[in-house]
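Be aware that the sequence shown starts at 48, since it is given in the working numbering, and climbs by one per residue. Since the structure comes first, as structure tokens, the remarks are kept for the end.
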Amino acid sequence: MLLFYRLLFLPALFLVLPFYIPRMLRRGGYGEHFAQRLGMVPVLAPKRHGERRIWAHAVSVGEILALAPLLELLRQDESVQIVLTTTTSTAHALAERKYGADVTHLGYFPLDFWPVSHRVWKRLQPDLCVLMESEIWPEHLHQARQRNVPVALINARMSERSFVRWQVLPRCLRKPFAMLDKVVAASEEDGRRYAGLGTPADRIVVSGNLKLDFTPRPLLQAHELDQLRRELGFWETRNAGQPLVLAGASTWPGEEEMLLRVATSLREHGQPCKLLLIPRHAERRNALREMLAWREGGVHFRTDGPATAAVNVAVADTTGEMVALLQIADVVFVGKSMDPHRGGQNPIEAAALGKTVLFGPNMQNFRAIAASMTAAGAGEVVRGEQELTDRVRTSFQDQAAREERGRAARRWHQSGKGAAQRTLTALDELTGR
């Protein structure tokens, strides 16, 4: 299987490059430290006696945030050196701000091509490799096995769609699942799926979802919330009778238009409403500018600096500000959850902040989370634009019910914590500590 993978890697890479290069250019930041992706990483200083070096990889911003509680626990052990890699430039920037001074090395994950991966492994020399969620790279796993370094997949997730796709492949192509030394699954169902693809059952433990250990920071004070509203063009301070805020969190194309129609309908029927759009990909700002041009009531983009006039719509075309931005919202719609999109985005941040949380029916990537939230009254499914409009209107008009939903969301979030400690225990068992 490995020989087959190595032979096909470069041809496959050249086939996908035409699709990825424009995307990389739009996002920006990929040129900096690009050599690291090709294996040009520094040789790390030798470990002192008793030290262990853990290589943790988190692809994007979401994984960096999910990894944060575990990293906090690992940093309490002075014998642990942390090597942290990411894939996206936005995740790297966030990791640099949060952990740059605390990790032994921060870099980009190398291409999973034999000469590149071999060089990086030789230079980093980890004692334990930690991957996040569904990142399974055959060459990476092979290099670990060659060096007798255990590999753990933590917060391991497997959607039904991915599971079915893997199942139809020949058993030899599913060998990487058997090479994992520990799978710390986010749910019982995820654990069963990894077992079904070849991971020995005695290597699988269920920790719960690491993202539930998320602690919202920073929590803004009242004057800071008012300042943020003014910067966005929501100039009114939060007093009785002032417009409430509907936020679209991590929205995808088509969802912004839907939310705009919802907010417009509310205003036309006498319900004051401000709309805060937080697109999943900030580089879509030009498409959003075109879509929102000449909208009645004005539009402000966060990257244009503080607003100079009051507006009805604000677009947060930035990264790393989700927690702060959601604090001014009253109702939050979670993106990538309405047709034609599938999968859903993370609803946990909004719940942790005590917001009324709504999402569409397509939350496949967060199926267990969405079901748990719905059962606890911490979130609600809306199955179309009209239902979304009705739910937002009802929530805006009933402050007591809205606040109770927020309290339910906070209770649900608090009840699910503990995954980071359970994950750390599993890693310690894997390394014999």
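Each residue gets a CB set at the ideal place from its N, CA and C atoms; glycine is no exception.
{"Asked": "Excluding sequence positions up to five away, which residues of its chain have a Cβ less than 8 Å from the Cβ of residue 420?", "Found": "394, 398, 404, 426, 456 and 459"}
{"Asked": "Consult DSSP for residue 412 and reduce its assignment to one of helix, strand or coil.", "Found": "helix"}
{"Asked": "Can you list, in chain order, the residues of its chain whose CB lies under 8 Å from that of residue 262, leaving out five sequence neighbours each side?", "Found": "116 and 399"}
{"Asked": "Consult DSSP for residue 367 and reduce its assignment to one of helix, strand or coil.", "Found": "coil"}
{"Asked": "Using CA atoms only, rank isn't needed, just tell me which of 370, 289, 338 and 128 is closest to residue 147.", "Found": "128"}
{"Asked": "Taking the continuous beta strand (DSSP E) assigned at residue 297, which residues delimit it?", "Found": "291-298"}
{"Asked": "Need the endpoints of the beta strand (DSSP E) that residue 104 sits in, please.", "Found": "99-104"}
{"Asked": "Would the beta-carbon of residue 282 be found less than 6 Å away from any heavy atom of the ligand NAP?", "Found": "The ligand NAP is absent from the structure shown, which contains no ligand whatsoever."}
{"Asked": "Could you tell me the distance, in whole angstroms, from the CA atom of residue 385 to the CA atom of residue 439?", "Found": "16 Å"}
{"Asked": "Out of curiosity, what's the CA-to-CA distance linking residue 122 and residue 179?", "Found": "18 Å"}
{"Asked": "Where does the unbroken beta strand (DSSP E) through residue 132 begin, and where does it stop?", "Found": "127-133"}
{"Asked": "For a test of the three-state rule: what should DSSP assign to residue 427, helix, strand or coil?", "Found": "strand"}
{"Asked": "Could you name the residues of the same chain whose beta carbon sits closer than 6 Å to that of residue 326, not counting the 5 residues immediately before and after it, in chain order?", "Found": "298"}
{"Asked": "Of the choices 104, 124 and 206, whose alpha-carbon is the least far from that of residue 173?", "Found": "104"}
{"Asked": "Which whole-angstrom value describes the C-beta separation of residue 291 and residue 443, a residue pair presumed to lie in contact below a C-beta threshold of 8 Å?", "Found": "5 Å"}
{"Asked": "Could you give the C-beta distance for residue 396 and residue 370, rounded to a whole number, given that I count them as a contact under 8 Å?", "Found": "6 Å"}
{"Asked": "Excluding sequence positions up to five away, which residues of its chain have a Cβ less than 6 Å from the Cβ of residue 235?", "Found": "253"}
{"Asked": "Give, in chain order, every unbroken run of the alpha helix (DSSP H) that is at least 4 residues long and sits entirely within the stretch 139-190.", "Found": "161-171"}
{"Asked": "Relative to the C-alpha of residue 329, which residue among 354, 312 and 300 is closest?", "Found": "300"}
{"Asked": "Which whole-angstrom value describes the C-beta separation of residue 183 and residue 142, a residue pair presumed to lie in contact below a C-beta threshold of 8 Å?", "Found": "With a Cβ gap of about 21 Å, residue 183 and residue 142 do not count as contacting."}
{"Asked": "Are the beta-carbon atoms of residue 82 and residue 107 separated by less than 7 Å?", "Found": "no"}
{"Asked": "Determine whether the beta carbon atoms of residue 150 and residue 131 lie at a separation below 7 Å.", "Found": "yes"}
{"Asked": "Quick check for students: name the residue ranges of the alpha helix (DSSP H) that lie wholly in the stretch 302-338, counting only runs of 4 or more.", "Found": "302-315"}
{"Asked": "Taking the C-alpha atoms as reference points, what is the distance between residue 80 and residue 433?", "Found": "47 Å"}
{"Asked": "Quick one, are the C-beta atoms of residue 194 and residue 86 less than 7 Å apart?", "Found": "no"}
{"Asked": "Of the choices 223, 69, 135 and 62, whose alpha-carbon is the least far from that of residue 49?", "Found": "223"}
{"Asked": "In the DSSP assignment, find the unbroken alpha helix (DSSP H) run with residue 399 in it and report its ends.", "Found": "395-399"}
{"Asked": "Contact defined as beta carbons within less than 8 Å: I believe residue 463 pairs with residue 256. What is the distance between those atoms, to the nearest angstrom?", "Found": "7 Å"}
{"Asked": "Nearest CA to the CA of residue 215: which residue from 158, 190 and 244?", "Found": "244"}
{"Asked": "Please state the DSSP three-state secondary structure of residue 403.", "Found": "strand"}
{"Asked": "Between residue 226 and chain B, is any beta-carbon pair separated by less than 7 Å?", "Found": "Absent from the structure is chain B; it holds one protein chain and no more."}
{"Asked": "Residues in the same chain with beta-carbon distance under 7 Å from residue 109, minus the five sequence neighbours each way, listed in chain order, please.", "Found": "393"}
{"Asked": "Where does residue 233 fall in DSSP's three states?", "Found": "coil"}
{"Asked": "From the DSSP output, in three-state form, read off residue 199 for me.", "Found": "strand"}
{"Asked": "Tell me whether residue 281 sits in a helix, a strand or coil according to DSSP, three-state version.", "Found": "coil"}
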